[in-house]
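Working notes, structure below.
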């Protein structure tokens with residue numbers, strides 16, 4: 001069965017620290033997509049990235065970077081030089097039969 | 113603004129009542145998905161419609177129903193409400209029927225409080 005595990009329930013860092021959010025997934029599909037979403041305190045779900053299973057290149061977007069490793073079924077997310085505005089809940093998700101299977105989320109608190 | 117519009121943003125109602133949540137997908141998107149986010153269950157897929165037809169069903173209670181209209185907007189009907197139905201309900205839309213190759217855009221959600 002499809003499953004996404006975000007083992008870190010909550011992480012607290014001080015501004016400007018780097019932080020990595022872990023995501024481990026399980027799937028029997030050979031073709032699949034992985035996602036990261038951000039949910040700020042206002043509640044909306046903000047799309048961050050989509051990665052397909054055939055593309056294992058790491059991706060960088062500004063202070064955000066993602067490390068996809070099929071060998072360990074992981075899709076980790078790193079924020080470099082964190083800022084208070086990064087405080088949010090971050091969800092990793094996996095597609096399965098037209099739906100997204102979400103992890104439980106990691107609460108990130110960035111303190112000034 | 114994601115382009116997916118959900119109304120109302122907040123809803124407070126009593127147990128046993130019925131409510132309707134509305135979603136207008138992003139222009140050009142044919143699929144609408146409903147998700148429930150609760151403290152104990154996390155984000156759970158409820159149901160998907162594609163161009164008016166039900167396409168996929170998740171953990172949706174029998175007390176809940178949905179439909180997609182010819183103009184592609186969708187409504188989620190929740191009846192005989194219980195305290196445990198209090199949650200944030202999200203609608204998402206995508207261009208195609210399947211998520212592969214297509215993005216998934218979420219609305220800002222409807223926060224339902226059952227008292």
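Residue numbers (this note's numbering), protein chains in the order written: chain S, 1 to 112; chain U, 113 to 227. Positions of the beta carbon are idealized from the N, C-alpha and C atoms, including for glycine.
Within the DSSP bridge table, the entry for residue 95(S) names 100(S) as partners.
Taking every protein chain shown into account, the CB of residue 106(S) has 16 or more other CB atoms within 10 angstroms, so this residue is buried. Nearest neighbour of residue 74(S) by Cα position, chosen from 41(S), 26(S), 81(S), turns out to be 26(S). A direct Cα-to-Cα measurement between residue 137(U) and residue 54(S) gives close to 29 Å. With respect to the 7 Å criterion, residue 111(S) and residue 46(S) are not classified as neighbours on the basis of their beta carbons.
When C-alpha distances from residue 166(U) are compared across 174(U), 145(U), 151(U), 152(U), the shortest belongs to 145(U).
Closer than 7 Å to the CB of residue 142(U) there is not a single CB belonging to chain S. As the crow flies, the alpha-carbon of residue 125(U) is around 28 Å from that of residue 217(U).
With respect to the 7 Å criterion, residue 118(U) and residue 208(U) are not classified as neighbours on the basis of their beta carbons.
Between the segment 193–205 of chain U and the segment 139–153 of chain U there are three or more inter-stretch CB-CB distances shorter than 8 Å, so the stretches are counted as touching.
Boundaries of the beta strand (DSSP E) around residue 168(U): 165–169. Bridge pairing for residue 185(U): absent [DSSP]. When the beta-carbon positions are compared, residue 163(U) and residue 177(U) stay at least 7 Å from each other. Nearest CB-CB separation between residue 62(S) and chain U: not below the 7 Å threshold.
Taking a Cβ-Cβ cut-off of 9 Å, residue 26(S) has no neighbours in chain U, whose nearest Cβ is about 16 Å from it. About 6 Å separates the CB atoms of residue 186(U) and residue 161(U); that is less than 8 Å, so the two are in contact. Across the set 202(U), 227(U), 171(U), 224(U), the C-alpha of 202(U) shows the shortest separation from the C-alpha of residue 44(S). Annotation for residue 126(U): no beta strand (DSSP E) segment contains it, and DSSP assigns it neither H nor E.
Against chain S, the beta carbon of residue 220(U) has neighbours under 9 Å at 42, 43, 44, 45, listed in chain order. Assigned with DSSP and collapsed to three states, residue 111(S) falls in strand.
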